[in-house]
Structure formats: structure tokens, C-alpha cells
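Add 2 to the 1-based position in the sequence shown for our numbering, that's all there is to it.
The beta carbon of each residue, even a glycine, is placed where N, CA and C say it ideally should be.
Below: the structure, in C-alpha cells.
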Amino acid sequence: MSNRPPAESGGILSPAYFATTAAAFSLIAIVAFESLAVTTVMPGVAEELGGVGLYALAFAAPLASGVVGMVLAGMWSDRSGPALPLVAALVALSAGLVVCGTAPSMEVLVAGRVLQGLGGGGATVVLYVIVGLVYPTRLQPSILASFAAAWVLPALFGPYLAALVADAFGWRWVFLSVVALIALSLIVLAPTLRTAPKGVEDADPPQLSRLWWAVAAGAGALGVKLLDSSLWLACGCLVVVLFGLSRLMPTGTMRLGRGLPSVIATRGLLSAGFFCAEAYIVFVLQEKWGIAAATAGLALTAVGVVWALGSQAQARLPKVSHTRVLVTGTSVVLLGVTLLTLVVWLEAPAPVAMAAYVLAGAGMGFAFPRLGVAMLQHSSDRDRGANSSALAAADSLSAALALAITGVVFARTEAAGADAFVAVYLVAIVCSVGAVVAAARTASPGAVRR
Numbered sequence: 003m004s005n006r007p008p009a010e011s012g013g014i015l016s017p018a019y020f021a022t023t024a025a026a027f028s029l030i031a032i033v034a035f036e037s038l039a040v041t042t043v044m045p046g047v048a049e050e051l052g053g054v055g056l057y058a059l060a061f062a063a064p065l066a067s068g069v070v071g072m073v074l075a076g077m078w079s080d081r082s083g084p085a086l087p088l089v090a091a092l093v094a095l096s097a098g099l100v101v102c103g104t105a106p107s108m109e110v111l112v113a114g115r116v117l118q119g120l121g122g123g124g125a126t127v128v129l130y131v132i133v134g135l136v137y138p139t140r141l142q143p144s145i146l147a148s149f150a151a152a153w154v155l156p157a158l159f160g161p162y163l164a165a166l167v168a169d170a171f172g173w174r175w176v177f178l179s180v181v182a183l184i185a186l187s188l189i190v191l192a193p194t195l196r197t198a199p200k201g202v203e204d205a206d207p208p209q210l211s212r213l214w215w216a217v218a219a220g221a222g223a224l225g226v227k228l229l230d231s232s233l234w235l236a237c238g239c240l241v242v243v244l245f246g247l248s249r250l251m252p253t254g255t256m257r258l259g260r261g262l263p264s265v266i267a268t269r270g271l272l273s274a275g276f277f278c279a280e281a282y283i284v285f286v287l288q289e290k291w292g293i294a295a296a297t298a299g300l301a302l303t304a305v306g307v308v309w310a311l312g313s314q315a316q317a318r319l320p321k322v323s324h325t326r327v328l329v330t331g332t333s334v335v336l337l338g339v340t341l342l343t344l345v346v347w348l349e350a351p352a353p354v355a356m357a358a359y360v361l362a363g364a365g366m367g368f369a370f371p372r373l374g375v376a377m378l379q380h381s382s383d384r385d386r387g388a389n390s391s392a393l394a395a396a397d398s399l400s401a402a403l404a405l406a407i408t409g410v411v412f413a414r415t416e417a418a419g420a421d422a423f424v425a426v427y428l429v430a431i432v433c434s435v436g437a438v439v440a441a442a443r444t445a446s447p448g449a450v451r452r
């Protein structure tokens with residue numbers, strides 16, 4: 003039996019949904035602030051802690067460990083409902099932020115990022131479960147688009163505020179201040195969690211093997227960078243990640259099977275391409291053009307705005323097929339990443355590099371929410387948590403692997419005297435091409451495309 007309440011006539015801000023919408027919006031906004039703030043200050047953090055060699059790993063670590071949190075939260079939510087998994091995820095996220103904020107070395111900071119990822123990954127999946135349980139199908143594009151809108155204020159002020167906090171009080175407070183915001187979000191979330199639907203009694207039994215494969219795949223993604231001194235060991239870790247992905251994803255995902263498998267694959271490849279570009283954007287603007295962190299952070303601000311605008315645009319096109327929206331969005335991301343690579347290679351003016359990155363962000367905003375809607379429409383009450391965790395796991399694990407690979411590519415290219423940033427962005431292009439191919443296969447067999 004479905005736990006979803008009867009469809010209401012109002013929108014996501016109507017009395018029936020307002021509390022849930024406000025709570026989910028606030029949590030996404032906090033996660034957005036943390037992500038943008040850390041991206042802004044990380045080059046300075048790596049330099050102060052003497053860990054530039056672990057720069058890419060600091061971004062890959064929470065993505066890799068997040069896969070474990072996603073799988074665990076998905077199984078837990080299907081059995082008991084979203085309330086307890088969400089609280090546990092926020093506690094783990096807070097603990098990781100405290101470790102990062104007090105880290106004496108880059109190695110400890112990376113360890114804190116691992117713990118942070120466990121909580122962040124779990125929270126992401128639980129929010130998707132809540133959307134599927136609480137909102138009728140007609141409102142799901144709107145609530146997922148609102149998640150993108152929740153990035154707007156953090157995007158407008160987050161990077162600049164993070165740079166100011168780092169300059170005035172030190173970068174550690176960029177991490178520690180977020181803990182207080184998470185505590186506040188729990189207060190806002192309390193009414194929603196008390197009334198949250200429970201799990202499904204006849205839900206599919208948890209597959210613990212998925213959890214172990216998540217651990218293996220996450221560790222393998224980090225191992226690609228940690229063991230890069232030995233090409234054979236790094237390649238062995240890569241094989242472990244790919245094999246783990248095949249066990250965590252729906253059957254057919256690795257070969258881009260039509261329908262749900264390609265929806266999942268598109269999410270992974272899209273995230274891999276874009277977030278490789280994002281992780282290095284502040285770094286490249288500082289290194290190649292000598293731009294201050296606060297100014298470089300304006301690129302993140304602009305992306306937050308266009309991402310939200312793109313999300314709202316796709317929500318207003320409910321009759322346009324998922325496949326057409328996804329092909330359009332992934333193609334724009336590919337165009338933006340390709341232009342960014344050319345700008346870095348040719349050392350064109352910095353504003354052009356920022357504009358190319360912003361263009362890629364617009365494509366992400368257009369495609370990203372529709373992937374969640376497509377996944378939910380392929381799901382039932384029995385497997386919504388599992389499919390949500392697969393979508394989020396593909397997102398994080400693919401991005402973590404791509405970032406680990408770019409860390410290896412960056413170090414080896416720099417040692418060879420070539421342009422390491424161009425090499426990194428070539429990896430992003432390859433991933434983005436894969437996303438376009440996968441997006442074209444997201445329609446179920448026999449579906450009519452409009």
C-alpha cells in the first residue's frame with residue numbers, strides 16, 4: 003500500500019505541503035552554503051596545511067564516502083521511514099565539519115571530509131524519499147526545482163562571505179559555523195519529521211551486499227589518488243570502483259540500458275564532468291589570472307543563480323519529454339566545459355573563463371532536477387529508497403572517481419611541465435560527452451518522445 007497522501011489541489015507552498023517544503027528548502031540551503039564556501043577557501047586551506055597534493059582528494063573524499071551513506075540511508079528509509087535516517091545523517095555531517103574545522107593537517111581534514119560525506123550523502127537520499135512519499139507526481143518537478151532555488155541565496159553571498167570569514171577569523175570558522183546552521187535546521191525540520199510517513203512493511207529486504215560494495219567502491223575511488231605512485235595499484239582501484247558501481251546500480255546501467263539505467267548513468271556522468279570543472283575553477287582563476295578568492299567566488303555565485311533559473315525553466319515544461327530536456331541540458335554542459343577548456347588553454351581573459359563555467363551551470367540547472375523526476379517515475383513504494391540511493395550514489399561515486407583521476411592527471415601533467423589545468427578539463431569533457439550519449443537513451447523502450 004502506498005504511503006503517499008491523497009493529491010491536494012494546491013502547490014508546494016499550500017498548507018498541506020508548506021512545512022515539508024520549508025524544512026527541505028532550509029536544509030538544501032545549508033548544504034549549498036557549505037559546498038560553495040569550502041570550494042572558495044580550499045586553495046588557501048591546502049596551501050596553509052601544506053597539502054596541495056591532496057587538494058583533489060579533499061573534494062573526492064566526501065563524494066566517495068557519501069555513497070556509503072546513500073546506500074545505508076536508502077535501505078533504512080525503505081524499512082522505517084525517513085525521520086531517523088535524516089537525523090543520523092545530520093549528526094554525522096556535523097561531526098565531520100567539526101573534525102575539518104579543527105584539523106591540524108591536510109590528512110586529518112580529508113578524514114573529516116570522509117565523515118562529512120557519510121552524513122551529507124545520507125541526507126541527500128532521505129530528501130528524495132521524502133519527495134516521493136509526500137508530494138504527488140504533478141508537484142515533484144516543482145519541489146525538485148525549489149531545491150535548486152535554495153542554492154540562490156548561498157550562491158549570491160556564500161563565496162564572498164566565506165572569503166570574508168576566512169580573512170577575518172580564519173578558514174576553520176567556515177566549517178565550524180555550518181554546524182550551528184545544521185542545528186537550526188533540525189528545529190525547523192522537527193514538525194515534518196514527527197509526521198513523516200513510516201516505511202513500507204512489505205518493502206524489499208535490505209541487501210547488505212550493496213552496503214559492502216559501496217564501501218569497496220568508495221575506498222577504491224580514493225585509492226586511485228592515494229596509490230597513484232603505482233600505476234598498477236591505481237588501475238586495480240579503478241577496476242574495484244567500476245565493479246562496485248555495477249553492483250550498486252540497476253541492471254544495465256554500465257551498458258546504458260534504456261530507461262532507468264540510463265537515467266542513473268546520465269546523473270553519474272553529468273556530475274563527473276561538471277564537478278571536475280567546478281572543483282578547479284577557483285584554483286585556476288587564482289593561479290592563471292591572479293584573481294583573489296572573493297572575486298573568483300563570483301563565478302560560483304553566478305552558477306548558483308543560473309542553475310536555479312534553469313531548474314525553474316524545466317519545471318515549466320512538464321509536457322516536454324524527460325529525454326529531450328536531458329539531452330538539451332547535458333549538451334549545454336558539454337559546450338560550457340569545452341569552451342572553458344579552450345579559454346584556459348589559450349589563456350583568454352578571465353571573464354570569458356567564468357562565463358563558460360556559468361554556461362555549464364545553466365545546463366546543469368536544466369537537466370539535474372529532471373533526472374530526479376525521471377527516477378521517481380520509474381519507482382514504487384517498494385524500491386523508491388533503493389533507486390534514490392542508486393541515483394545519488396552514481397552522482398557522488400562518479401564525481402569522486404573523476405576527481406581522483408584528475409588529481410593524478412594534474413600531478414603527472416604538472417611534473418611533465420605541461421598545463422595541468424587543461425589536462426583536468428579534458429577529463430571533464432570526456433565525462434560530459436558520455437552524459438549526452440546516456441541522456442539520449444533515458445526514454446523507456448517504446449516511449450513516445452515529444
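Along the chain, where does the alpha helix (DSSP H) containing residue i start, and where does it finish?
i	result
MET366	352-379
THR340	324-348
ARG81	57-82
THR253	Unbroken run through THR253: none, as it is neither H nor E.
THR297	295-317
TYR427	422-441
ARG269	262-291
PRO87	85-103
PRO138	Where PRO138 is concerned, there is no enclosing alpha helix (DSSP H), given that its DSSP letter is neither H nor E.
VAL40	20-50
Between the beta-carbon of residue i and the beta-carbon of residue j, is there less than 8 Å?
i	j	result
VAL131	PRO84	yes
GLU227	VAL410	Sequence check: residue 227 is Lys here, not Glu. Yes, the Cβ-Cβ distance between LYS227 and VAL410 is below 8 Å.
SER446	VAL335	no
VAL89	VAL101	no
ALA218	VAL242	yes
ALA364	VAL308	yes
GLU38	ALA157	Checking the sequence, you will find Leu at residue 38 rather than Glu. Yes.
PHE368	THR330	yes
GLY436	LEU271	yes
VAL304	VAL360	In the sequence under discussion, the amino acid at residue 304 is Ala, which differs from the Val named in the question. Yes; because the gap between Cβ atoms is below 8 Å, this pair is in contact.
GLY338	ALA301	no
Apart from the five residues just before and just after residue i, which ones in its own chain have a Cβ nearer than 6 Å to its Cβ?
i	result
VAL180	GLU36, LEU99
GLN314	ALA147
MET3	In this prediction, MET3 has a pLDDT of 37, which is less than 50 and means its spatial position is unreliable; what the coordinates show is noted afterwards. Counting only Cβ-Cβ distances below 6 Å, and skipping sequence neighbours, we find nothing.
ILE14	THR23, LEU141, SER144, ILE145
ALA62	ALA402, LEU405, ALA406
PHE285	PRO45
GLY220	ALA66, SER67, VAL69, VAL70
Does any residue of chain C have a CB that is nearer than 8 Å to the CB of residue i?
i	result
PRO156	No chain C appears in the structure shown, which is made up of a single protein chain.
With distances taken from CA atoms, which of the options is nearest residue i?
i	options	result
ALA125	SER398, ALA413, ILE407	SER398
VAL40	PRO87, ALA26, PHE27, PRO64	PRO64
VAL354	ALA298, ILE407, ALA315	ALA298
VAL438	LEU348, THR343, PHE276	PHE276
ALA394	MET251, CYS239, ALA357	MET251
GLY374	VAL128, ALA192, ALA165	VAL128
PHE177	ALA192, ALA216, ALA25, MET44	MET44
SER28	ILE293, GLN118, ALA151	ALA151
ALA317	GLY52, ILE30, ALA24, SER144	SER144
PRO193	GLU349, ALA25, ALA440	ALA25
TRP347	TRP175, VAL424, ALA58	VAL424
Excluding the 5 residues preceding and the 5 following residue i in the sequence, name in chain order all residues of the same chain whose CB lies nearer than 8 Å to its CB.
i	result
THR444	ARG260, GLY261, SER264, VAL265, THR268, HIS324, THR325, LEU328, ALA376
Got a sec? Which residues, its chain only, sit under 7 Å from residue i by beta carbon, not counting five neighbours each side?
i	result
PHE20	none
ILE184	ILE32, LEU92, LEU95, SER96
SER248	MET256
ILE189	none
ALA168	VAL43, GLY46, VAL176
ALA215	Sequence check: residue 215 is Trp here, not Ala. Closer than 7 Å at the Cβ level, and outside the excluded window around TRP215, lie GLY246, ARG249, LEU250.
LEU224	LEU59, ALA62, ALA63, ALA66, ALA406
SER273	ASP397, SER400, ALA401
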